[in-house]
Amino acid sequence: MNEGRKDIIQVLVVFVALVFLIKLFIIQVLDSKYEQLADSNAILRQVDYPVRGLIYDRNGKLLVYNTPEYDVQVVTKEIKNLDSVEFCKVFRITKDELKVKFKELRAKKEYSPVKLTTFLTQLSNDDFARVQDRLDDFPGFYIQARSTRSYTTSAFANALGYVSQISKPQLERDSSKVYKQGDYIGQSGIEAYYEKYLSGQRGVRYKMRDVDGIDKGSFREGSLDTVSIPGLNLTTTVDLDLQLYGEFLMRGKSGSIVAIEPATGEILAFVSGPSYDPNLLTGKYYSENFRFISSDTSKPLFNRPLMAQYRPGSIFKIAQAMVALQEGVITPDTRIVCNRSIINCHGAHSNEDLRGAITHSCNPYFHNVLRRMLNKGKVNDPFEDTRIGLEEWNTHIRSFGFGSPLGIDLPNEKSGLVPSPKFYDRAYGGRPWKFSNIYSIFAATVANRGFYYTPHLVKSIGDSGQPLPQYLEKHYTTIDSANFIVAVDAMQNVIQGGTGQYRASLKDIIVCGKTGTVENNPPLADHSVFIAFAPRDNPRIAVSVYVEDAGQGARAAASIASLMIEKYLLGQTQRKHIEDYVLRGDFLD
Amino acid sequence: MDWATVLLYGALVLFGWLNIYASVYDETIGQSIFDFSLTPGRQLLFMAACVIIIIAILIIDMRFYDTFAYIIYGAILFLLLLVPIIGKEVGGNKAWLGIGSFGVQPSEFAKFATALAVAKFMGTIGFRMDNLRNQFILFAMIVAPMILILAQKDTGTALVFTAFLVVFYREGMSPFLILVGVACAIIFVLALLVESNIYLYGAIGVIWAGLILFSKKKRFKRIALITAGAVLIIGMLYSVDYVVNNVLKPHQQNRVKALINPDADPLGFGWNVTQSKIAIGSGGFWGKGFLKGTQTKFDFVPEQSTDFIFCTIGEEHGWLGSLVTIGLWVTLMLRIIFIAERQKNRFTRVFAYSTLAIFLFHFSVNIGMTVGLFPVIGIPLPFFSYGGSSLWGFTIMLFDSSRGITIFETLFKYTIQIL
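What follows is the structure, encoded as structure tokens:
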């Protein structure tokens, strides 16, 4: 009577089977997430960190090297009968700290009880020696060695930059997906700019492990594994002795020195004052020290040669003179009366030619020259005429590299600003000038009589002996080199009889220079500026110095610039009185 | 002897054995499948013993069972009674009777014994399913071992006895009772699935109102019936919440919660289900290949050679391997139904259907839990899961169901007579 019910039971059997097959099809074939989950379960991606490249000065002196440092990692599932009193004693932490550490550990996004997770960071060598012997007493805890940066000297800190753990925003921006939380990355300076060369290439080993994290051999016989490639060493362009001397001179002052080899664009010294000791920004106390340094009101982390921007001041008269000659609005022999009713001037002179005007930094002369350049009378409309003049002027000025980033090998180069027709179309007044020390190194362009190489800090990447290709490119200005001879003559006169005579002249070496006194916001004293190169023929060094709130360019900046030249060309300085004057630091009357 | 059954049986047991090997195989050690200190080696011994058992079954006449059914049932009940007293504890369950280092689980044989007793009872001449007294006796027969097994804290095996409802249904029990059971199960799951019961109460209210408004004959009796039904369901929902939160032990609560939402705590109570799904899901269509799995052999999946053996199949043999396994199972179960229907007497038919029902329950619940469709109830997948007691118990049931007067048996009988 109930035979029909067998069909229903048969249907039930088939129905259950079909439900399973459909569900299995969904999780096995359609949904790929389980495959990834299985891999992250059983396959441990072990990163083999390469050694970061070392950094040398131009003479092969070591500047930056690596010292080992140790992290403590933990697999919580493997912890057995943790004697927390003993643990705290060995690792030198308090019981509360231990609690906090465990709390932080569990809060981590990547935390899993079966995975190696970083627990304590940056144990020093001494700590490691003590901990190593006792590690067996604490199952589940492991030591991971990595290296941290150390510095042979406290010099050159701002240009070298520092290395620290990658930040969250950096991690999000990293499209290469190479970096992981907790990895170290160059944060500023050369360390950041040359990160990809310094960091080397990471190796990866894929290892299988079981649920307890126990190694079960390499995955697919290691066919996916890669070996790490150490980072490339960098040879910088900096002369450590000169750099140290520059920092010595800048002690207690706010400002910067850039010294450059005109023939190559290699930066010989890159001094930012005040500075900090880079050894503070490494190792265990990084965070505390960073907070301390970054909150210092004298801004030691502010890379002044690059970031501090001023109005150009009198050194710019040289560029103006070059453009005016090129445009033909004056000749070297053009004389203009020093009419001090238009604009203030200084020194005893009345009716100079171009060389004399540069030598004495005659303000009315260059006021007139600028007017001649802007109003050439090409069209009747005075506004349109000015516009054309400004456009032509702008083209020449930009060929010096002014007004846009030069492309130095440091991150965050701030672009300078020069007046453009567009700017004046929009607004009158305001300050269309932004000029930092790195632009002032156009002293090298004058030294080269019309061309320059982009200033750079690294002359050799690895063993190549070559800098980045863009630093081998010669940039010509739009000015004929014959015109530069006038500038060179004038700059020689500045030292031999003009504004820079007293403190900047050297025995046996013809120095060419130009003072600058950049107006500051009263009641602060003006900024003292000086650019120079030497020797006059086949110049080997060009220097640009800014000393903030130090008054006339002929005093602080000229003294420092000439001392730098002397130090570099002669190996030592003999003018003790100038050095003392600089170190005393009392430049205002 | 039914050769199709023998072939299916052989295929399942062999495939199961290979998977037990795969679930413990470790490339770094390279264990042998014949290492008798390990599960695959021991399973091979159990399989060898099965051959002896099968021969014995073929020798024993079915009338032997007919005569001794109640005695066997009684003896098993007695053993089950002994287990909590003299049994030894293995893995949290006190379900083993030890003989030296060797242990057996009487609960695995209780299924067979109960099937025998139920078949014997239903096979008596003049048995009527619609007799209330008969129904009561039958329920008592299955509830008795259930209670004794529950005393061993082995909820999974105890639940297997509910499978006899399928047998009762086949033999004429009103499907209404079964429907009520299924409805209860659905309400139970709903009560757990829906976060707040207020929605369910609301839905019931709407259905209640709708039924009353749209019923053509608005008689008092009908309205009373619908209202009573609604009140009953609400009462059930309430009691499910109460039972889950107040009666179930924490680990049982967790198993239920893991079913509903394994992602809520993947490292805690959801671990088993999550890892099991990862293992199976990572197999893809073709599977990772024999001995190439990582999830089961590296212990991410718990109980990988017993309750979660299906994970190894899913991981190493993919959807295709799952299809073959499920296909073999469906064929075997349909074959048992075919054999059962062929039987001339009720005793053998009921016994065969009992076997089918128990297999179906194991099959559904075991695979269901590994893919996350059922709560984790620790019962083996017959012929696949490692374990002597379960293998022997299922083998005895299968071969007793599929016997009958066949050439093999006849030959055997003649041989014995000649001897």
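Line order of the protein sequences matches chains A and B. Numbered per this note's numbering, the first sequence finishes at 589, counting up by one with no gaps. Numbered per this note's numbering, the second sequence finishes at 1419, counting up by one with no gaps. Note that CB positions come from ideal geometry on N, CA and C, so glycine has one too.
Worksheet entry | Interface partners of residue 9 of chain A on chain B, CB under 7 Å | Here the neighbours are 1166, 1170 and 1337.
Worksheet entry | Span separating the alpha-carbon of residue 142 of chain A from that of residue 135 of chain A | Roughly 8 Å separates the two Cα atoms.
Worksheet item: Going along the chain, which residues of its own chain have a beta-carbon closer than 8 Å to the beta-carbon of residue 1245 of chain B, five neighbours each way excluded?
Response: Once the five neighbours on either side are set aside, the close Cβ partners of residue 1245 of chain B are 1253.
Worksheet item: The beta strand (DSSP E) with residue 235 of chain A in it runs from where to where?
Response: Taken as a continuous stretch (DSSP letters only), the beta strand (DSSP E) holding residue 235 of chain A covers 234 to 236.
Worksheet item: With 16 as the cutoff for other CB atoms within 10 Å, does residue 251 of chain A come out buried or exposed?
Response: Under this definition residue 251 of chain A is an exposed residue.
Discussion item. Please report the distance separating the alpha-carbon of residue 1279 of chain B from that of residue 1209 of chain B.
Written reply: If you take the alpha carbons of residue 1279 of chain B and residue 1209 of chain B, they lie about 47 Å apart.
Worksheet item: Which chain A residues sit within Cβ distance under 8 Å of residue 1354 of chain B?
Response: Result: empty, since nearest Cβ-Cβ is about 12 Å, beyond 8 Å.
Worksheet item: residue 196 of chain A: which of A:216, A:210 and A:230 sits nearest, CA to CA?
Response: It is A:230.
Worksheet item: Name the DSSP bridge partner or partners of residue 475 of chain A?
Response: According to DSSP, which records beta bridges pairwise, residue 475 of chain A is partnered with A:452.
Fill in: Between the CA atoms of residue 560 of chain A and residue 521 of chain A - distance to the nearest angstrom
Taking the straight line from one Cα to the other gives about 24 Å.
Practice prompt. Run the CB neighbour count on residue 355 of chain A, radius 10 Å, all protein chains shown included, and call it buried at 16 or more, exposed below.
Written response: Result: buried.
Worksheet item: Would residue 41 of chain A count as contacting chain B if we go by Cβ distances under 8 Å?
Response: Yes, its Cβ sits closer than 8 Å to a Cβ of chain B.
Discussion item. Can you check whether the C-beta of residue 1277 of chain B is within less than 8 Å of a C-beta belonging to chain A?
Written reply: So yes, residue 1277 of chain B belongs to the interface.
Fill in: Proximal residues to residue 548 of chain A (C-beta, below 7 Å), its chain only, five neighbours per side dropped
254, 255 and 527.
Fill in: Under 7 Å from the C-beta of residue 1295 of chain B: neighbouring residues of chain A
Near residue 1295 of chain B (Cβ distances below 7 Å), the residues of chain A are 38, 41 and 42.
Worksheet item: Leaving out five residues before and five after residue 274 of chain A in sequence, what residues of the same chain have Cβ atoms less than 6 Å from its Cβ?
Response: Closer than 6 Å at the Cβ level, and outside the excluded window around residue 274 of chain A, lie 298 and 300.
Discussion item. Between which two residues does the alpha helix (DSSP H) holding residue 273 of chain A run?
Written reply: Under the DSSP assignment, residue 273 of chain A falls outside any alpha helix (DSSP H), being part of the beta strand (DSSP E) whose first and last residues are 266 to 273.
Worksheet item: Can you tell me where the beta strand (DSSP E) with residue 461 of chain A in it begins and where it stops?
Response: Taken as a continuous stretch (DSSP letters only), the beta strand (DSSP E) holding residue 461 of chain A covers 458 to 461.
Worksheet entry | Below-8 Å beta-carbon distance, residue 1299 of chain B vs any chain A residue | Judged by the 8 Å Cβ criterion, residue 1299 of chain B is in contact with chain A.
Fill in: CA nearest to the CA of residue 24 of chain A, picked from B:1082, B:1031, B:1284 and B:1047
Taking only the C-alpha atoms, the option nearest residue 24 of chain A is B:1284.
Worksheet item: What span of residues does the beta strand (DSSP E) with residue 62 of chain A cover, start to end?
Response: Looking at the DSSP string, the run of the beta strand (DSSP E) that includes residue 62 of chain A is 62 to 74.
Fill in: Pairwise C-alpha distance: residue 167 of chain A and residue 1373 of chain B
One C-alpha to the other measures close to 43 Å.
Discussion item. Let me check understanding here. Comparing Cα to Cα, which of B:1293, B:1169, B:1388 and B:1109 lies closest to residue 1145 of chain B?
Written reply: Among B:1293, B:1169, B:1388 and B:1109, the Cα nearest to that of residue 1145 of chain B belongs to B:1109.
Worksheet item: What's the C-alpha gap between residue 1385 of chain B and residue 1106 of chain B?
Response: Those two C-alpha atoms are separated by around 17 Å.
Discussion item. Distance check for residue 588 of chain A and residue 550 of chain A, CA to CA, integer angstroms please.
Written reply: C-alpha separation (whole angstroms): 6 Å.
Practice prompt. Quick one: residues in its chain with C-beta nearer than 6 Å to the C-beta of residue 228 of chain A, no 5 flanking neighbours on either side, listed in chain order?
Written response: Non-local C-beta neighbours of residue 228 of chain A in its own chain, meaning closer than 6 Å and more than five positions away in sequence, comprise 48, 50, 202 and 203, ordered along the chain.
Worksheet entry | Bridge partner(s) assigned by DSSP for residue 512 of chain A | DSSP output for residue 512 of chain A lists A:533 as bridge partner(s).
Practice prompt. Report the rounded CA-to-CA distance for residue 1293 of chain B versus residue 219 of chain A, giving the unit in angstroms.
Written response: So the alpha carbons of these two residues sit roughly 12 Å apart.
Discussion item. Using 8 Å for Cβ pairs, my map puts residue 394 of chain A next to residue 418 of chain A. What's the rounded Cβ distance?
Written reply: That belief holds up - the Cβ atoms of residue 394 of chain A and residue 418 of chain A are roughly 7 Å apart, short of 8 Å.
Practice prompt. Could you tell me which chain A residues have their CB closer than 9 Å to the CB of residue 1008 of chain B, listed as they occur along the chain?
Written response: Neighbours of residue 1008 of chain B on chain A: none; closest Cβ ~14 Å, over 9 Å.
Discussion item. Using a Cβ-Cβ distance cut-off of 8 Å, determine whether residue 1285 of chain B contacts chain A.
Written reply: It does; some Cβ of chain A falls within 8 Å.
Worksheet item: Which residues bound the alpha helix (DSSP H) around residue 1144 of chain B?
Response: Boundaries of the alpha helix (DSSP H) around residue 1144 of chain B: 1132 to 1151.
Worksheet item: Since residue 343 of chain A and residue 312 of chain A are thought to touch, with beta carbons under 8 Å apart, how far apart are those beta carbons, to the nearest angstrom?
Response: Going by Cβ atoms, the distance from residue 343 of chain A to residue 312 of chain A rounds to 16 Å, so no, they are not a contact pair.
Worksheet item: Of all the CB atoms in chain A, is at least one closer than 8 Å to the CB of residue 1341 of chain B?
Response: Taking 8 Å as the CB threshold, residue 1341 of chain B lines the interface with chain A.
Worksheet item: chain A partners of residue 1027 of chain B, CB-CB under 8 Å?
Response: Ordered by position in chain A, the residues that pass the 8 Å Cβ test against residue 1027 of chain B are 216 and 217.
Practice prompt. Kindly say whether residue 1138 of chain B, judged by its beta-carbon, lies nearer than 8 Å to any beta-carbon of chain A.
Written response: Output row for residue 1138 of chain B: interface = no.
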